[in-house]
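Read the structure below first, then the notes.
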Amino acid sequence: MKWIVKTLLVLLVIGTAGWSGLALYHLPLGNAVTRLILTALFAGASLSTLLIPRKKRHALALYFAFFALVLAFWFELAPSNDRDWQADVAVLPFAEVQGEQVMIRNIRDFDYRSESDFDIRYYDREFRLSELTSVDFFSVYWMGEAIAHVMVSFGFNDRDYVTFSIETRKEQGETYSSLKGFFRNYELIYVVGDERDLIRLRTNYRSPAEDVYLFRSRIRPEHARLLFIDYVKKINELKDRPEWYNTLTDNCTSNIAGHIDAFQDDLRYSWKILLSGYAAEYAYELGAFDSSRPFSEIKRLGYINPTARALSDAGGFSRRIRENVPRP
Numbered sequence: 001m002k003w004i005v006k007t008l009l010v011l012l013v014i015g016t017a018g019w020s021g022l023a024l025y026h027l028p029l030g031n032a033v034t035r036l037i038l039t040a041l042f043a044g045a046s047l048s049t050l051l052i053p054r055k056k057r058h059a060l061a062l063y064f065a066f067f068a069l070v071l072a073f074w075f076e077l078a079p080s081n082d083r084d085w086q087a088d089v090a091v092l093p094f095a096e097v098q099g100e101q102v103m104i105r106n107i108r109d110f111d112y113r114s115e116s117d118f119d120i121r122y123y124d125r126e127f128r129l130s131e132l133t134s135v136d137f138f139s140v141y142w143m144g145e146a147i148a149h150v151m152v153s154f155g156f157n158d159r160d161y162v163t164f165s166i167e168t169r170k171e172q173g174e175t176y177s178s179l180k181g182f183f184r185n186y187e188l189i190y191v192v193g194d195e196r197d198l199i200r201l202r203t204n205y206r207s208p209a210e211d212v213y214l215f216r217s218r219i220r221p222e223h224a225r226l227l228f229i230d231y232v233k234k235i236n237e238l239k240d241r242p243e244w245y246n247t248l249t250d251n252c253t254s255n256i257a258g259h260i261d262a263f264q265d266d267l268r269y270s271w272k273i274l275l276s277g278y279a280a281e282y283a284y285e286l287g288a289f290d291s292s293r294p295f296s297e298i299k300r301l302g303y304i305n306p307t308a309r310a311l312s313d314a315g316g317f318s319r320r321i322r323e324n325v326p327r328p
């Protein structure tokens with residue numbers, strides 16, 4: 001029994017030390033040298049706790065006191081909407097709801113010459129819930145099959161589309177790191193944009209181009225309205241109460257799953273939500289897409305890069321990228 005307790009204690013120290021070391025290095029604690037020194041000191045303290053046989057209780061007490069300090073700093077970190085943001089995430093969207101009328105402010109519609117060279121444009125648009133006729137999903141691949149960025153697009157009378165992209169809100173000089181995303185380095189933002197912006201950015205202007213697949217859902221109209229309103233509530237919440245992005249628990253697919261809970265509270269969690277490249281396949285297995293075709297065919301037909309590149313900034317962009325994509 002004694003060896004079991006010792007083994008569990010060793011595993012606890014190793015686990016907390018590993019998390020604390022990564023947190024100390026990635027949290028905003030001065031420059032890289034300062035963070036390396038703090039990480040090394042904490043690693044030394046954890047090793048001495050495990051390796052020095054004498055006064056082990058005192059060593060453990062001191063170690064967990066240090067760990068408590070790291071946790072205290074962690075929980076004191078507060079997200080903010082007041083930072084020097086990169087231009088593409090500098091403006092927060094919000095909405096005004098009056099009955100079935102929803103006015104969305106700050107819909108992004110950048111005019112790109114390259115990924116980093118663009119004219120900043122936003123517009124406001126009013127949508128009527130009674131005219132919501134479709135919900136589509138975009139899966140964007142840039143690093144293999146396992147990881148994708150997933151966006152949701154709402155169509156009104158098969159004419160007007162507005163897309164929600166759940167992203168990291170990066171400051172000037174920041175770059176994305178999935179590891180840093182575990183440690184409160186980025187705020188969460190819902191970019192609400194025109195498809196000409198959010199899709200063409202990925203198919204036409206990023207280098208290398210990202211692979212974008214369109215999946216048309218068979219969602220019921222009443223569920224589509226609940227989903228849309230849940231998204232609208234979220235963008236208003238983030239405007240007033242910023243949140244941290246988290247690579248594992250608060251990302252694009254986990255938040256989409258959370259919004260789907262607005263009308264489907266029995267949604268089963270799956271590893272395909274964590275590995276977001278398989279999220280579309282999981283949605284297919286749940287009956288969200290056309291079940292008369294195999295998933296491989298739906299995905300093949302939904303590949304829109306050639307069409308998006310050919311259209312450039314032509315009118316009717318949203319309609320034309322859907323022309324050869326089957327709707328359930």
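Just so we're aligned, residue 1 is where the sequence shown starts under full-length UniProt numbering, counting upward by one.
Ideal placement from N, C-alpha and C gives every residue a C-beta, glycine not left out.
Item	Value
Proximity below 8 Å, CB of residue 107 to CB of residue 275	no
Identity of the residues DSSP links to residue 128 by a beta bridge	101
As assigned by DSSP and simplified to three states, the class of residue 209	coil
Where residue 176 falls, given that 16 or more other Cβ within 10 Å makes a residue buried	exposed
Residue from 259, 142, 288 and 178 with nearest C-alpha to residue 235	259
For residue 95, three-class secondary structure by DSSP	strand
Identity of the residues DSSP links to residue 164 by a beta bridge	152 and 192
Runs of alpha helix (DSSP H) lying entirely within the region 207-277, each at least 4 residues, in chain order	221-240, 252-260 and 271-274
Per-residue burial, residue 33 [other beta carbons within 10 Å of its own, 16 or more giving buried]	exposed
Buried or exposed by the 16-neighbour rule on C-beta atoms within 10 Å, applied to residue 220	exposed
Close Cβ partners of residue 89 (< 6 Å) along its chain, the five nearest in sequence each way excluded	169 and 189
Through-space distance from residue 153 to residue 228, alpha-carbon basis	9 Å
Coarse secondary structure for residue 7, derived from DSSP in three states	helix
Assigned exposure category for residue 291 - 16 Cβ within 10 Å defines buried	exposed
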